[in-house]
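K.L.:
Chains as they are written, first to last, in our numbering: chain V, 5 to 348; chain A, 3 to 141.
1. Over the uninterrupted alpha helix (DSSP H) stretch that includes residue 285 of chain V, give me the two end residues.
2. Would you tell me roughly how many angstroms separate the C-alpha atoms of residue 16 of chain V and residue 112 of chain V, rounded to the nearest one?
3. Please list, in chain order, the residues of the region 239-267 of chain V that have any C-beta partner in chain A closer than 8 Å.
4. Indicate whether at least one CB of chain V lies closer than 8 Å to the CB of residue 69 of chain A.
5. Can you name the residues of chain V whose CB is closer than 8 Å to the CB of residue 86 of chain A?
6. Might you give, ordered along the chain, the residues of its own chain that have their beta carbon closer than 6 Å to the beta carbon of residue 302 of chain V, omitting 5 neighbours on each side?
7. Please confirm whether residue 246 of chain V and residue 171 of chain V have their CB atoms less than 8 Å apart.
8. Output yes if chain V places a C-beta closer than 8 Å to the C-beta of residue 92 of chain A; else output no.
9. Would you check if the region 90-100 of chain V and the region 31-39 of chain V touch, i.e. whether three or more CB-CB distances between them fall below 8 Å?
10. Going by Cα to Cα distance, which pick from A/22, A/89, A/57 and A/82 is closest to residue 67 of chain A?
11. Where does residue 92 of chain A fall in DSSP's three states?
12. In chain order, what residues of the same chain have a beta carbon less than 8 Å from the beta carbon of residue 95 of chain A, not counting five sequence neighbours either side?
13. Where does the unbroken alpha helix (DSSP H) through residue 197 of chain V begin, and where does it stop?
14. By the 8 Å beta-carbon criterion, what residues does the region 122-137 of chain V contribute toward chain A?
15. Go ahead and pull the three-state DSSP assignment for residue 31 of chain A.
16. Apart from the five residues just before and just after residue 158 of chain V, which ones in its own chain have a Cβ nearer than 8 Å to its Cβ?
17. Within its chain, find whatever has a CB closer than 8 Å to the CB of residue 325 of chain V; leave out the 5 residues flanking it on each side and keep chain order.
18. Alpha carbon to alpha carbon, what distance is there between residue 54 of chain V and residue 41 of chain A?
19. If you draw a straight line from the C-alpha of residue 120 of chain A to the C-alpha of residue 138 of chain V, how long is it?
20. Go to residue 26 of chain V, then tell me how far its beta strand (DSSP E) extends in each direction, as first and last residue.
21. Determine the chain V residues that contact residue 10 of chain A at a beta-carbon separation under 9 Å, and present them in chain order.
22. Indicate whether at least one CB of chain V lies closer than 8 Å to the CB of residue 43 of chain A.
23. Check distances from the C-beta atoms of the region 204-225 of chain V to those of chain A and list, in chain order, the residues that come in under 7 Å.
24. Any chance the region 222-235 of chain V sits against the region 270-290 of chain V, with 3 or more Cβ pairs inside 8 Å?
25. What are the partner residues of residue 128 of chain V, as DSSP defines its beta bridges?
26. So, is the C-beta of residue 99 of chain A closer than 8 Å to a C-beta in chain V?
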């Protein structure tokens, strides 16, 4: 699938290990205090192989994910930087890719980007100079050819690890697997899917993906998310295009009532059930948890669904320097990894 | 730069002339572009990108997509097949998929299209195809 090379980040090593990989997403802060992102990172760091930071999701401005990812690197976490085409043209994108490499960020999730029409500043000019497929090609061009798009040399070239998103839940359904194939052809090396609520649709999609052989070429991480309230469930069902929340789940959340503890427990229970069902689907290489500003849920979900990072979490700082050094494989004999070993 | 593969071979000599004499290309463009573009705007609500893909996608202009996607639909297509940005417009990719069934050469779904060359915006796509454009013909 992927050629064996040393000197890789924790996330890539985890994907190569063949064990189920867990990633999660944390929100970029809305404040100038780096303590906020560090706090969020601490909540999830021991349960995942990599942490995604989205790029102004839904067209709502937050702190730059590049800066947030740089802080995650300091914390000894391997971050996945979301890069969208909404706000930057191809020049800015190339410049940011190289900037990410300078900051020690390797993993780049190439996205087209949510349109700003749903955000809080819909009057903004959309850029969309390139799209996610071309963005993947640009990452590969920089990494493997060692050149900008103009042909000018980059010395030394960045060592980036591009990934893409997959959307099984929006029409045209029959084309979605082909689009994923196109992205893999363009150079995607890992895939994180949209949040799966409708497992039947996802199973069908993965069947097609399996027929195309795409799941053998790249690891596919299924997106999962805990629902926090019936309001959140209805919002996702009605307002977010490309997200399919079955009425059954909305009813379950409504039945859980208004009590915060009860509804949150129900949301996590639903998420764990979905994870159990997805586990039976062939071709899924792991899970991508999107807690949507509810980072503490990651620990609960990972405990209840027995998820564990494929590679033990490196120790928290002050051991940062050691943890970041990519050449050393973190020995699975540390106390942390023993605690996370499967019971069987 | 080469003539686009969709252009009949007999037009190749014209392509050569256009490539060799940029001035001729410019002046022909100035004469032809307004006619070509106004016809395409009327018939296909063309956006005059100058790098036409109409022949590959059932004569649906993909540049009507609010994200101007040339490599497949985004994840924001609504359940009814409409666009997430313009709720009353059908996703151009769904429309293209449906309409292209009637025509040969449905490459649009499998081929990776090069990003737009914005210098060509507003110019004659037919002349560009004969002369070859950098994105399509690979310089």
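Positions of the beta carbon are idealized from the N, C-alpha and C atoms, including for glycine. Values in this document were obtained by computation on a predicted structure and should not be read as measured data.
P.N.:
A quick look at the data gives this:
1. Premise fails: residue 285 of chain V is in no alpha helix (DSSP H) and is neither H nor E.
2. 12 Å
3. 245, 246 and 248
4. yes
5. 119, 121, 122, 245 and 246
6. 28, 48, 51, 293 and 295
7. yes
8. no
9. no
10. A/89
11. strand
12. 64, 67, 71, 74, 75 and 79
13. No alpha helix (DSSP H) contains residue 197 of chain V, which is instead part of the beta strand (DSSP E) from 195-199.
14. 122, 130, 132, 133, 134, 135, 136 and 137
15. helix
16. 102, 146, 150, 151 and 152
17. Low local confidence applies: a pLDDT of 44 at residue 325 of chain V is under 50, so the model's placement there is unreliable, and no value is given.
18. 52 Å
19. 15 Å
20. 25-29
21. What residue 10 of chain A touches in chain V: nothing, since even the nearest Cβ is about 28 Å away.
22. no
23. none
24. yes
25. Note: residue 128 of chain V sits in no beta bridge, so no partner.
26. yes
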